[in-house]
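Have a look at the structure below before the remarks.
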Amino acid sequence: MSGNGKVKKINFSEEKKLAIVEEVIIKKEIILGRLGVSLKNLDKNKAWQEITGRVNAINPAVNRTVNEILKKLKNLLAEAKKEYSKKKPKTGGGPFEKLSQLTSLIIDIYGETCPIFNGIEGGAETGIEGATVMVTVGKLIIS
Numbered sequence: 138m139s140g141n142g143k144v145k146k147i148n149f150s151e152e153k154k155l156a157i158v159e160e161v162i163i164k165k166e167i168i169l170g171r172l173g174v175s176l177k178n179l180d181k182n183k184a185w186q187e188i189t190g191r192v193n194a195i196n197p198a199v200n201r202t203v204n205e206i207l208k209k210l211k212n213l214l215a216e217a218k219k220e221y222s223k224k225k226p227k228t229g230g231g232p233f234e235k236l237s238q239l240t241s242l243i244i245d246i247y248g249e250t251c252p253i254f255n256g257i258e259g260g261a262e263t264g265i266e267g268a269t270v271m272v273t274v275g276k277l278i279i280s
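Residue numbering for the sequence shown follows my numbering, starting at 138 and increasing by one per position.
Here's what the structure looks like:
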């Protein structure tokens, strides 16, 4: 038990991590879509509840909350970004090293040309170590 009285849950299994990413792929249009007349925040919240239900169904003994699922997705995205930048060809070319299944799926969600993985063309790297990716219910904010 930590100092605040919370009991630490076991780590996410690979099966649960994969389920999160697969469900995000299925619900991508809702989760990453722009709010408007046809897409409400309620729709996004419902999608996250459904994802959480699918993940919890894998091992009902360890129930996760929506916020835990969102935090895990944020961490998976950061891990994918790190793996992608380590394995992409350096200046001068060369073959692209094989990425893990999770990283490949995450890249498929956002697209390989997404600035998350390749930066902004013509942009300069600044404060990259202090950058954070925040995932909240219904929104993905990168700052």
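Think of the CB as a built atom: it goes at the ideal place given N, C-alpha and C, for glycine as much as any other residue. Please read all numbers here as calculations on a predicted model, not as lab measurements.
Who are the Cβ neighbours of Tyr247 in its own chain at under 6 Å, not counting the five residues just before and after it?
-> Ile253
Is Ile279 helix, strand or coil by DSSP?
-> Here the model assigns Ile279 a pLDDT of 49, short of 50, so the residue's position is not dependable and the matter cannot be decided.
By DSSP, does Gly190 sit in helix, in strand, or in coil?
-> helix
From the DSSP output, in three-state form, read off Gly142 for me.
-> coil
Under a three-way DSSP split, which group does Glu249 fall into?
-> coil
In three-state terms, what does DSSP make of Ser241?
-> helix
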